[in-house]
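Just so we're on the same page, my numbering is the position in the sequence shown counted from 1, plus 464.
Every residue gets a Cβ at the ideal spot worked out from N, C-alpha and C, and that includes glycine.
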Amino acid sequence: MSALIKSGAPGAVRAFAPAREREPRAPAPVPAADPRDAEIARLRGEIARLGAELAEGKASTDDVILKAYEKGRGEGLRDAEVREAERLDLLERVAEDALAAFGKRLDLLEALAPALAWAALDKLFADRTDWRDMTEAALARQLDALRRDAVLRVLVSSIDFPEGVSLPLIAGASVEREAGLRGGACRIECRLGEVEIDVREQWSALAALLEQMGEEA
């Protein structure tokens, strides 16, 4: 033991007490493991596993759905193409049948046309006694094809234009009645010759032509 001597304090000596040895601290108690933590960890792992399986299943389902959609779409397109081809084939057959039927009708009409024309004209000309209107029309058409200064005189049938009936007026030419002309006939005298017009002969020639066409059809 040692003593400490302070200045100004004679004879006062105080001895130091010996230092005490510290006792070692006891280790902190380790808390006991909570069994619920292990269960929570297990459940979390199970949730993670199920989540991974769910994500994998969803991806697989999406892939299956996509493949099924693509397959269905492809089959639908093929079916649509088949139906379209069938529709076009049907339209083509219908068009061919319609054209064939139309061609037959045209052939029939072509064969009947001469007979129909003959029947219509026969109603117009058959048993006709007054040819004046037709004679005037035929005369007008012929004069339109001639130079008027070349026409000298026009003779018409006195049957079509008897006394008391006005004669056609033709500029630059005289019009006279001719007893020797039958109904429907007239004559145009020109500087270089004559033009004979006979409506009844024209009808006879046309009727013969139509009859021949009907036989050839």
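Report back the beta-carbon spacing between residue i and residue j to the nearest angstrom; my notes put them in contact at under 8 Å.
i, j, result
"residue 624", "residue 647", "5 Å"
"residue 642", "residue 615", "Contact flag wrong, Cβ pair sits at about 16 Å."
"residue 578", "residue 674", "4 Å"
Compute the Euclidean distance between the alpha carbons of residue i and residue j, then round it to the nearest angstrom.
i, j, result
"residue 600", "residue 581", "23 Å"
"residue 576", "residue 664", "24 Å"
"residue 555", "residue 549", "10 Å"
"residue 535", "residue 511", "35 Å"
"residue 509", "residue 533", "35 Å"
Kindly list the residues whose CB is nearer than 6 Å to the CB of residue i, restricted to its own chain and excluding five residues on each side of it in sequence; keep chain order.
i, result
"residue 603", "650"
"residue 645", "621"
Given 7 Å as the limit, tell me if residue i has its C-beta closer than that to any heavy atom belonging to the ligand COA.
i, result
"residue 607", "By its list of ligands, the structure shown contains no ligand whatsoever, and the ligand COA lies outside what it can speak to."
If distances are taken between C-alpha atoms only, which option among the options comes closest to residue i?
i, options, result
"residue 611", "634, 626, 598 and 597", "634"
"residue 632", "607, 593, 654 and 655", "607"
"residue 678", "569, 573 and 520", "573"
"residue 596", "568, 571 and 662", "662"
Consider the Cβ of residue i: report whether some Cβ of chain E lies at a distance smaller than 8 Å.
i, result
"residue 579", "In the structure shown, chain E does not exist; there is a single protein chain."
Identify, in the order they occur along the chain, each residue of the same chain with its Cβ nearer than 7 Å to the Cβ of residue i, setting aside the five sequence neighbours on each side.
i, result
"residue 658", "651 and 652"
Could you name the residues of the same chain whose beta carbon sits closer than 8 Å to that of residue i, not counting the 5 residues immediately before and after it, in chain order?
i, result
"residue 585", "667, 670, 671 and 674"
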